[in-house]
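Student: Before anything else, here's the structure in question.
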């Protein structure tokens, strides 16, 4: 789910937005971290405990922050099966670094215009 459009919210606002979104739909929700919605590890720990929220897609690209997020969720919510996605436009290039911190899933823009390349990378 995309962050609020054209708004930069504080952590409480982001948490409330995604909790309300997850509650309003019957669908599982993957939160999308982008430049106007950068989460602290503490906020992602809270999101991971929110019914309906199943994962985080990182489109921001701060590897250190993602490492701290993954570590915090695993420490504070060890029983949660929370998913992490590398959502950078260049996910194929940053994949090895993200896999090194436990982010094994990715959602790439390459699938939109060169699916054969993206699938070959995925299978490698």
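Residue numbers (the numbering used here): 1 to 124. Glycine is no exception: its CB is placed at the ideal position from the N, C-alpha and C atoms. Small disclaimer: the values here were computed from a predicted structure and weren't measured.
Rounded to the nearest angstrom, what separates residue 1 and residue 69 at their Cα positions?
Tutor: Straight-line Cα distance between these residues: approximately 18 Å.
Student: Would you report the Cα separation of residue 50 and residue 19, rounded to the nearest angstrom?
Tutor: Going from the Cα of residue 50 to the Cα of residue 19 covers about 6 Å.
Student: Would you check if the region 48-62 and the region 19-39 touch, i.e. whether three or more CB-CB distances between them fall below 8 Å?
Tutor: Yes, the region 19-39 touches the region 48-62.
Student: My assumption, with CB atoms under 8 Å, is that residue 65 sits in contact with residue 85. Please give the rounded CB distance.
Tutor: Not really, about 15 Å apart at Cβ, beyond 8 Å.
Student: According to DSSP, residue 37 sits in a beta bridge with which residue or residues?
Tutor: Bridge partners of residue 37: 34.
Student: List the DSSP bridge partners of residue 85.
Tutor: In the DSSP output, where bridge partners are listed per residue, residue 85 has 57 and 105.
Student: In this structure, does DSSP put residue 29 in helix, strand or coil?
Tutor: Strand at residue 29.
Student: With respect to the alpha helix (DSSP H) encompassing residue 5, which residues constitute its N-terminal and C-terminal limits?
Tutor: Neither: residue 5 is in no alpha helix (DSSP H) and is coded neither H nor E.
Student: Let me make sure I understand the geometry here. Which of 77, 123, 29 and 15 has the alpha-carbon closest to that of residue 38?
Tutor: It is 15 whose Cα lies nearest to the Cα of residue 38.
Student: From what residue to what residue does the alpha helix (DSSP H) around residue 78 run?
Tutor: No alpha helix (DSSP H) contains residue 78, which DSSP labels as neither H nor E.
Student: Between 107, 29 and 42, which has its C-alpha nearest residue 76's C-alpha?
Tutor: Among 107, 29 and 42, the Cα nearest to that of residue 76 is on 42.
Student: I think residue 87 touches residue 59, with their Cβ atoms under 8 Å apart; what is that distance to the nearest whole Å?
Tutor: The Cβ separation is near 4 Å, so the contact holds.
Student: Figure out for me which residue from 3, 89, 9 and 47 has the closest Cα to the Cα of residue 118.
Tutor: With distances taken between Cα atoms, residue 118 lies closest to 89.
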